[in-house]
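**Student:** Protein chains in written order, with this note's numbering: chain Z, 483 to 867; chain U, 70 to 355; chain C, 51 to 128.
For every residue, glycine included, the Cβ atom is placed at its ideal position computed from N, Cα and C.
Sharing a structure, written as structure tokens. Questions coming.
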Amino acid sequence: MKADPRGVLTGTHFMDGDHACCEGALAAGARFAAGYPITPSTEVVERFASRVPTVGGTFIQMEDELAASITLQGAVWGGAKAFTVTSGPGFSLMMEHIGYAAMTETPCVFVDVQRGGPSTGLPTLPAQADMMQARWGSHGDYEIIALCPNSPQECFDLTIKAFNLAEEFRVPVMFMMDEVVGHMTEKVVIPPADQIEVVPRKHTHKSVEEYLPYATNGDMVPEIAHAGEGYKFHVTGLTHDERGYPNMTPQTQDHLVRRLQNKIKNAADRIALFEEERLDDAEVVVVSYGITSRVAQRAIGLARERGLKVGKLRLITAWPFPEKKIAELAAGVKAFVVPELNLGQMVREVERAAAGKAKTFPVSHAGGGVHKPEEILKVIVEASR
Amino acid sequence: MSDLVNPVEQFLRSDRMPHIWCPGCGIGTTVNCFAQALIESKVDLESLAVVSGIGCTGRVAGYVKLDSFHTTHGRAIPFATGLKLANPKLNVVVYSGDGDLSAIGGNHLIHAARRNIDLKVICVNNLIYAMTGGQTAPTTPDHSITSTNPYGVFEPSFNLPHLVEAAGAVYVARWTTFHVRQLARSISEAFKKKGFSFIEVISPCPTLYQRRNKLGDGLDTMKYYKEKSKVRHGAPTNEVGLTMTGEIIVGKFVDRDRPDYQTMMRGQMAESLGDKFVEQAEMVCS
Amino acid sequence: MAKGRVSIVVERCKACGFCVEFCPTKVLALSSAFNSKGYHPPHVVHPEKCSGCDLCGMYCPDFAIYGSRITPVAGGEK
């Protein structure tokens with residue numbers, strides 16, 4: 483369906499990533515946010531607090547991230563599209579509730595504008611060191627989807643995508659920005675509402691008698707009902723059966739947890755988004771995401787000028803990780819070069835997916851700034867030998 | 070003809086009976102009172118939602134045949150806040166235990182009371198962390214033996230009515246599971262109230278709290294409640310602290326009026342934005 | 051004639067004793083019978099004293115008992 487025009491700020495804007503993310507949420511139909519201030523993410527909800535009372539919705543600043551991350555889920559079950567925004571320390575606090583969203587299949591978006599860590603780290607400076615945490619941060623087996631924008635424009639476009647994926651798969655989606663993308667100001671074009679595709683909530687059409695909250699028909703994603711519609715359903719974080727009732731046996735556990743994983747895994751090809759350039763003759767592929775991909779772009783250009791056959795693979799979905807694509811490329815290239823603003827996170831996935839068929843060279847950076855193109859170029863040269 | 074069905078049965082997920090609570094536990098008794106209040110106050114069951122946390126009382130959500138949410142430990146109140154804000158037409162009840170609401174959930178308890186979020190909170194206080202085997206709770210009375218204070222609790226315990234009154238609750242009452250009619254009435258009153266209502270119900274945990282402290286079984290505890298409770302409506306909440314075997318002050322302590330969160334929000338927005346303010350339409354996204 | 055009658059769901063009972071203790075007219079006592087869980091459920095020993103007040107039902111933590119008023123029907127009570 484098309485976006486609700488009341489939330490779409492159509493026009494050509496000059497805005498930073500944080501602000502663009504807020505506009506993306508509004509365009510996607512988000513009418514509820516619960517947040518807690520944390521640099522460098524706060525502007526997203528500050529803008530939402532300012533915009534949403536004129537669009538028709540609610541923002542509440544909660545007393546901590548533990549509250550914010552569950553308040554938004556209450557709002558989802560009350561009928562809203564909802565999200566929260568945070569950075570490293572807050573992301574850590576939200577982990578239990580990310581797991582709750584995965585377990586109860588609550589569609590929602592968690593925005594993490596990554597900054598230097600661990601702990602309080604570098605509040606105002608970038609990093610990309612929450613990437614593994616986005617995937618594995620909560621306890622137990624579950625799958626999430628994670629997107630990495632690399633520009634304010636993508637902060638707008640991909641936030642809509644994040645909400646759409648959340649609704650399609652009834653899963654919490656991690657929107658992995660970084661401080662640079664969040665605070666850089668660029669042109670952001672917001673199209674008219676009728677050019678924006680929005681995925682509606684997968685609401686049940688079954689009668690009260692027939693409806694089972696966690697029954698699926700083959701596509702592995704159950705239909706949802708909201709509180710107040712007469713369905714009188716039960717939602718729990720305990721291992722549950724199709725009726726939503728706690729059923730704590732190994733059999734139910736196996737059935738449920740595998741479905742929660744497989745509903746994402748089986749659709750990984752469809753979900754995977756990446757940008758490829760000059761891969762046809764590439765001997766070395768630079769795999770990058772977020773702000774680092776823009777530095778990598780320059781490094782690839784410099785390498786090509788030197789006659790090195792280098793291609794680009796930019797991850798737009800970091801999770802589920804596009805292992806098939808990497809495996810395919812690994813069969814034909816010498817090496818992958820993986821620059822990240824961390825000491826080696828997504829590079830492990832590249833290495834795993836390459837399964838020894840190609841070498842993997844990390845270009846690590848402890849965070850606090852971005853790579854210089856020459857740093858990446860140096861490793862490309864080494865990888866090309 | 071007499072009724073052929075227990076009046077509480079219509080509110081139960083009968084397919085999940087019998088429940089997991091121990092013999093002599095008072096939680097089931099509170100559910101009867103809740104059911105009675107629903108009947109008396111004629112609350113629309115289709116716009117009623119029950120939110121609970123983790124613990125023995127937290128299991129209430131799973132046993133009632135209503136839209137119900139068994140959330141995370143301590144976080145029933147913020148979940149309930151989100152639910153209520155997204156759909157103000159809902160009547161949202163938080164049904165949880167003393168440990169869940171006042172320890173891990175303490176921060177959320179005081180903020181929701183401060184904000185006067187329109188929630189009806191039923192706090193079953195069995196003075197212990199029951200589900201996990203009988204550890205000390207912030208409400209466990211002085212000198213009690215628990216599994217984490219095997220030599221006796223020496224921390225002062227929370228006086229919950231006092232805490233929530235200070236935080237801003239507009240309705241504060243305490244009963245025990247002996248006071249079934251009064252409890253049902255208080256819950257009914259809370260349904261008529263707009264704002265943060267808090268009803269504490271002192272309840273036995275015969276398996277852990279009473280047993281470890283040699284206080285008898287559930288029935289002994291109920292007899293103690295009958296004997297030692299004193300009804301003092303309007304008692305100053307700083308005077309209603311509990312001890313292991315002493316007097317239990319019960320009654321309606323606070324019943325005051327102040328605008329609830331959503332009323333204040335609407336007022337402020339309308340004042341600042343004038344006709345630019347768009348009242349939140351139904352959020353339901355299809 | 052009794053004004054009320056008690057219904058007991060024997061299998062749900064855990065013999066806590068609340069209903070026996072708090073019935074205002076002492077209609078009930080714990081029986082010597084067992085339910086399948088090994089508990090002694092209550093039984094009615096003074097049916098004529100039951101007023102149908104349902105205090106037993108209000109107290110019962112296991113939803114295993116309730117009292118109901120008998121309304122007179124034309125032609126006599128049932």
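#1: Nearest to residue 156 of chain U by CA position, among Z/566, Z/653, Z/708, is which residue?
#2: What does residue 567 of chain Z touch in chain U if you count any residue whose Cβ is under 7 angstroms from its own?
#3: Taking the alpha-carbon of residue 841 of chain Z as reference, which of Z/498, Z/653, Z/861, Z/677 has the nearest alpha-carbon?
#4: Which of the three DSSP states is assigned to residue 78 of chain C in this structure?
#5: Should residue 355 of chain U be flagged as near chain Z, meaning a C-beta pair shorter than 8 angstroms?
#6: Just confirm the distance between the C-beta atoms of residue 712 of chain Z and residue 690 of chain Z, as a whole number of angstroms; I'd bet it's less than 8 angstroms.
#7: Thinking C-alpha only, which one of Z/607, Z/812, Z/584 is nearest residue 838 of chain Z?
#8: Can you give me the C-alpha to C-alpha distance between residue 658 of chain Z and residue 596 of chain Z, rounded to a whole angstrom?
#9: Mind checking who residue 494 of chain Z pairs with in its DSSP beta bridge?
#10: So what does DSSP say about residue 721 of chain Z, is it helix, strand or coil?
#11: Rounded to a whole number of angstroms, what is the C-alpha to C-alpha distance between residue 103 of chain C and residue 98 of chain U?
#12: Spatial neighbours of residue 147 of chain U within its chain, please: C-beta separation below 7 angstroms, excluding the five flanking residues on both sides.
#13: With distances taken Cα to Cα, identify the nearest neighbour of residue 111 of chain U among U/261, U/219, U/308.
#14: Check whether the segment 69 to 79 of chain C touches the segment 105 to 123 of chain C, counting contact only when three or more Cβ pairs, one atom from each stretch, lie closer than 8 angstroms.
#15: Out of curiosity, what's the CA-to-CA distance linking residue 55 of chain C and residue 289 of chain U?
#16: Is the distance from the Cβ of residue 140 of chain U to the Cβ of residue 122 of chain U below 8 angstroms?
#17: If the cut is a Cβ gap below 9 angstroms, which residues of chain Z does residue 176 of chain U touch?
#18: Can you check whether the C-beta of residue 194 of chain U is within less than 8 angstroms of a C-beta belonging to chain C?
#19: Going by C-alpha to C-alpha distance, which of U/115, U/116, U/138 sits closest to residue 126 of chain U?
#20: Between which two residues does the beta strand (DSSP E) containing residue 606 of chain Z stretch?
#21: Take residue 819 of chain Z as the anchor and find which of Z/802, Z/787, Z/867 has the nearest alpha-carbon.
#22: Quick check: the segment 180 to 194 of chain U against the segment 320 to 333 of chain U, are there 3 or more CB pairs under 8 angstroms?
#23: In terms of residue numbering, what span does the beta strand (DSSP E) encompassing residue 876 of chain Z cover?
#24: What does residue 149 of chain U reach in chain Z if we use C-beta pairs closer than 8 angstroms?
#25: Using the beta-carbon count (16 or more within 10 Å), is residue 169 of chain U buried or exposed?
#26: Between the Cα of residue 851 of chain Z and the Cα atoms of Z/762, Z/720, Z/609, Z/765, which residue gives the shortest distance?
#27: Buried or exposed for residue 65 of chain C, please, with buried defined as at least 16 other CB atoms from any protein chain shown within 10 angstroms of its CB.
#28: Is the Cβ of residue 78 of chain U closer than 8 angstroms to any Cβ of chain Z?
#29: Rounded to the nearest angstrom, what separates residue 605 of chain Z and residue 521 of chain Z at their Cα positions?
#30: In terms of alpha-carbon separation, which member of U/95, U/102, U/226 lies closest to residue 310 of chain U?
#31: Determine the direct distance from the alpha carbon of residue 292 of chain U to that of residue 52 of chain C, and round the result to whole angstroms.
#32: Taking the beta strand (DSSP E) that residue 54 of chain C falls in, what are its first and last residues?
#33: Is any beta-carbon of chain B found at less than 8 angstroms from that of residue 75 of chain U?
#34: Out of curiosity, what's the CA-to-CA distance linking residue 42 of chain U and residue 346 of chain U?
#35: Can you find the residues in the same chain that come closer than 6 angstroms, C-beta to C-beta, to residue 589 of chain Z, ignoring five residues on each side of it along the sequence?
#36: In angstroms, rounded to a whole number, what distance separates the CA positions of residue 593 of chain Z and residue 718 of chain Z?
**Tutor:** On the basis of the coordinates in this document:
#1: Within the second sequence, the letter at position 87 stands for residue 156 of chain U. Checking every option, the nearest Cα to that of residue 156 of chain U belongs to Z/708.
#2: For the purposes of this step, residue 567 of chain Z is identified with residue 85 of the first sequence, where counting begins at 1. Under the 7 angstroms cutoff, chain U gives no residues; its nearest Cβ is about 15 angstroms from residue 567 of chain Z.
#3: What you label residue 841 of chain Z is simply residue 359 of the first sequence in a count that begins at 1. The shortest Cα separation from residue 841 of chain Z among Z/498, Z/653, Z/861, Z/677 belongs to Z/861.
#4: Position 28 of the third sequence, counted from the start, is the residue given in the question as residue 78 of chain C. In this structure, residue 78 of chain C counts as strand in the three-state DSSP scheme.
#5: What you label residue 355 of chain U is simply residue 286 of the second sequence in a count that begins at 1. With a pLDDT of 47 at residue 355 of chain U, under the threshold of 50, the predicted position of this residue should be treated as unreliable, and no value is reported.
#6: Locating residue 712 of chain Z in the first sequence gives position 230, counting from the first residue. Locating residue 690 of chain Z in the first sequence gives position 208, counting from the first residue. That pair is a contact at about 6 angstroms.
#7: The residue labelled residue 838 of chain Z in the question sits at position 356 within the first sequence. The shortest Cα separation from residue 838 of chain Z among Z/607, Z/812, Z/584 belongs to Z/812.
#8: As a position in the first sequence, residue 658 of chain Z is number 176, starting the count at 1. As a position in the first sequence, residue 596 of chain Z is number 114, starting the count at 1. Approximately 7 angstroms between the Cα atoms of the pair.
#9: Position 12 of the first sequence, counted from the first residue, corresponds to residue 494 of chain Z. Z/671, per the DSSP bridge assignment.
#10: Position 239 of the first sequence, counted from the start, is the residue given in the question as residue 721 of chain Z. Note: residue 721 of chain Z maps to coil in three-state DSSP.
#11: Here residue 103 of chain C corresponds to residue number 53 of the third sequence, with the count starting at 1. Here residue 98 of chain U corresponds to residue number 29 of the second sequence, with the count starting at 1. Going by the C-alpha atoms only, they are around 16 angstroms apart.
#12: The residue labelled residue 147 of chain U in the question sits at position 78 within the second sequence. Answer for residue 147 of chain U: 177, listed in chain order.
#13: Counting from 1 along the second sequence, the entry for residue 111 of chain U is found at position 42. That would be U/261, whose Cα lies nearest to the Cα of residue 111 of chain U.
#14: yes
#15: Sequence index remark: in the third sequence, residue 55 of chain C carries index 5 (1-based). Sequence index remark: in the second sequence, residue 289 of chain U carries index 220 (1-based). Going from the Cα of residue 55 of chain C to the Cα of residue 289 of chain U covers about 27 angstroms.
#16: Within the second sequence, residue 140 of chain U is the residue found at index 71, counting from 1. Within the second sequence, residue 122 of chain U is the residue found at index 53, counting from 1. Yes, the Cβ-Cβ distance between residue 140 of chain U and residue 122 of chain U is below 8 angstroms.
#17: Sequence index remark: in the second sequence, residue 176 of chain U carries index 107 (1-based). Under the 9 angstroms cutoff, chain Z gives 545, 546, 548, 549.
#18: Looking up residue 194 of chain U in the second sequence gives position 125. Taking Cβ atoms only, chain C never reaches closer than 8 angstroms to residue 194 of chain U, which makes this a no.
#19: If you number the second sequence from 1, residue 126 of chain U lands on position 57. Answer by Cα proximity: U/138.
#20: Against the first sequence, residue 606 of chain Z aligns to sequence position 124. From DSSP, the beta strand (DSSP E) with residue 606 of chain Z extends over 604 to 608.
#21: Stepping through the first sequence from its first residue, residue 819 of chain Z is reached at position 337. Among Z/802, Z/787, Z/867, the Cα nearest to that of residue 819 of chain Z is on Z/867.
#22: yes
#23: What the structure shows of chain Z is the stretch from 483 to 867, and residue 876 of chain Z is not part of that stretch, so it cannot be assessed.
#24: Reading the second sequence from its first residue, position 80 is the one you call residue 149 of chain U. By Cβ distance, chain Z contributes 556.
#25: Walking along the second sequence from the start, residue 169 of chain U turns up at place 100. Residue 169 of chain U should be labelled buried.
#26: Residue 851 of chain Z sits at position 369 when you count from the first residue of the first sequence. Among Z/762, Z/720, Z/609, Z/765, the Cα nearest to that of residue 851 of chain Z belongs to Z/609.
#27: On the third sequence, residue 65 of chain C is found 15 positions in, with the first residue counted as 1. Residue 65 of chain C comes out buried.
#28: Along the second sequence, one-based indexing puts residue 78 of chain U at 9. So no, residue 78 of chain U is outside the interface.
#29: On the first sequence, position 123 is the one that residue 605 of chain Z refers to. On the first sequence, position 39 is the one that residue 521 of chain Z refers to. Approximately 6 angstroms between the Cα atoms of the pair.
#30: Start at 1 with the first residue of the second sequence, and residue 310 of chain U comes out as number 241. Here the closest residue by C-alpha is U/226.
#31: Looking up residue 52 of chain C in the third sequence gives position 2. Looking up residue 292 of chain U in the second sequence gives position 223. Straight-line Cα distance between these residues: approximately 28 angstroms.
#32: For the purposes of this step, residue 54 of chain C is taken as the residue at position 4 of the third sequence. That run of the beta strand (DSSP E) goes 54 to 58.
#33: Although the question refers to chain B, the structure presented lacks it and instead comprises the protein chains Z, U and C.
#34: This structure gives no information on residue 42 of chain U, because the portion of chain U shown stretches from 70 to 355.
#35: Locating residue 589 of chain Z in the first sequence gives position 107, counting from the first residue. Around residue 589 of chain Z: 648, 649, 652.
#36: The residue you call residue 593 of chain Z lines up with position 111 of the first sequence. The residue you call residue 718 of chain Z lines up with position 236 of the first sequence. Approximately 24 angstroms, taken between the alpha carbons.
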